[in-house]
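Here is the structure we will look at.
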Amino acid sequence: MDLKQLDEPDKTRALARHNLYVSFMELARVKQAIYEGSLMNMLSRRLRSHPQLFSGLGALMKHNKWLSELDRITRKAPFYYLGSEAHQRTEVLNVKQRLKRVKSERTIRMPPFGDVPLELTSMYPFVSYMAPTSVKIDEVYARIRDIDRIRAMMDYQFVPGAGDLIPKKARIKKSRKTGRMRWVYEGDELIASLRASDNWIIPKTKLIKGLHELIPNPLLRVVIDDEAKPFVSEGKSVFCKFVLEIDDNLRCMDEVLVVDVNDELIRGGTLHLSPREVRDFSKGMAVRVR
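If you count by our numbering, then the sequence shown holds residues 98 to 387, one letter each, in order.
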C-alpha cells in the first residue's frame with residue numbers, strides 16, 4: 098500500500114519505522130568505517146551531500162591539531178584525496194611532521210602531503226594513496242636501491258639518522274608472491290621485518306637495542322613502573338595503569354621502546370593508544386610487546 102493512502106497514525110508509524118531502520122544502517126556503516134580506519138574517507142563523501150554538512154567540517158577542523166595527537170599514524174584503509182578538505186585531515190598533519198625527518202633529492206608531488214621522498218612511496222599512506230590525477234612512480238622507484246628505501250623509512254618512522262642503524266651490507270629479502278620487501282638481515286640475523294598491511298618496519302631485538310642506544314631519553318620511550326617490569330620482560334602487554342611517562346611525540350601504532358625509570362631497555366612493542374589516552378585511561382592495553 099502506498100504511504101499516502103495510510104491513515105495518519107499508520108503513516109506516522111511507517112515513517113518512524115523507516116527512519117529507525119535508516120538510522121541503524123548508518124550507525125552500522127560508521128562502526129564499520131571506524132573498524133576499518135576509513136572514517137575520514139566516509140566523512141568526505143557524506144559531507145558533499147549537503148552544503149551545510151560541508152560547512153560543518155570547518156568547525157571540526159578547528160580542532161584538527163588536537164585530534165591529530167589522538168589519531169593513528171598508520172592504518173589499513175587507503176587514503177582518498179577527494180578535495181581541498183583533505184589538506185586539513187589529521188593524517189596529513191602527522192605525515193607532514195614526519196616528512197621533515199627525511200632528506201632526499203628524489204621527490205614526487207603528492208597532494209595534500211606535498212613533496213614526498215620516492216624512498217617512502219612503498220609505505221603507508223603513500224602506498225595506498227588515491228587521487229583524481231594518477232601519480233606514476235614505478236619506473237623511477239625501481240631505480241632506487243632497497244637499502245636506501247629501508248634507511249629512509251627508518252628515518253621517517255623513528256628519528257633522523259635511524260637509518261644509519263641499517264648496515265650497508267644488510268640483506269633484504271622480498272616476498273615471492275608480491276615482490277615487496279619483507280625481511281632485513283644483518284648476516285644471518287633477522288633485524289627487522291616489514292608489516293604486510295602498511296609496509297612499516299618492525300624492528301627485532303638487535304635493532305631495538307640500536308634504537309635505544311641512538312635515540313636519547315625520553316624520545317620513543319614508554320616508561321613503566323617496577324611492578325610491571327617482570328611481566329613485561331616475559332612478553333606480557335603493557336597496561337595503561339603501569340605507565341609512568343610516555344613520549345608526547347608518539348602516535349598510536351608507532352613502534353616504541355619500553356623502559357624502566359632508569360632507562361633500562363625491557364622490550365620493544367607497538368603503541369595501541371595515543372600518549373594522551375595512555376595517561377587518561379586506568380584500564381586497557383597501552384603497548385603490545387614482542
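Cβ atoms here follow ideal geometry from the backbone N, Cα and C, with glycine treated the same way.
Around the Cβ of Ser294, a 10 Å sphere holds fewer than 16 other Cβ atoms; the residue is exposed. Pairwise C-beta distances place the stretch 149 to 168 in contact with the stretch 185 to 197, as three or more of them are shorter than 8 Å. DSSP, read as helix, strand or coil, puts Met350 in coil. A straight-line Cα-Cα distance of about 32 Å links Tyr132 and Ala111. With contacts defined by Cβ atoms closer than 9 Å, Leu370 and Ile305 do not form a contacting pair. According to the DSSP secondary-structure assignment, Trp280 is paired through a beta bridge with Lys270 and Ser290.
Going by DSSP, Pro315 is part of no alpha helix (DSSP H) at all; its letter is neither H nor E. Beta-bridge partners of Asp212 (DSSP): Arg206. Per the DSSP secondary-structure output, Phe176 pairs in a beta bridge with Tyr226. In the DSSP assignment, Met220 falls outside any alpha helix (DSSP H) and carries neither an H nor an E. For Val386, the uninterrupted beta strand (DSSP E) run begins and ends at Met382 to Val386, by DSSP. Shown here for Ser379: same chain residues with a beta carbon closer than 8 Å to its own, the five before and five after excluded, namely Cys337 and Lys338 in chain order. Three or more Cβ pairs closer than 8 Å define a contact, and the stretch 244 to 260 meets that threshold against the stretch 215 to 228. Contact check for Ser152 and Glu182: beta-carbon distance about 11 Å, past the 8 Å limit, so the pair fails to qualify. Val199 carries a coil assignment under DSSP once its states are collapsed to helix, strand and coil.
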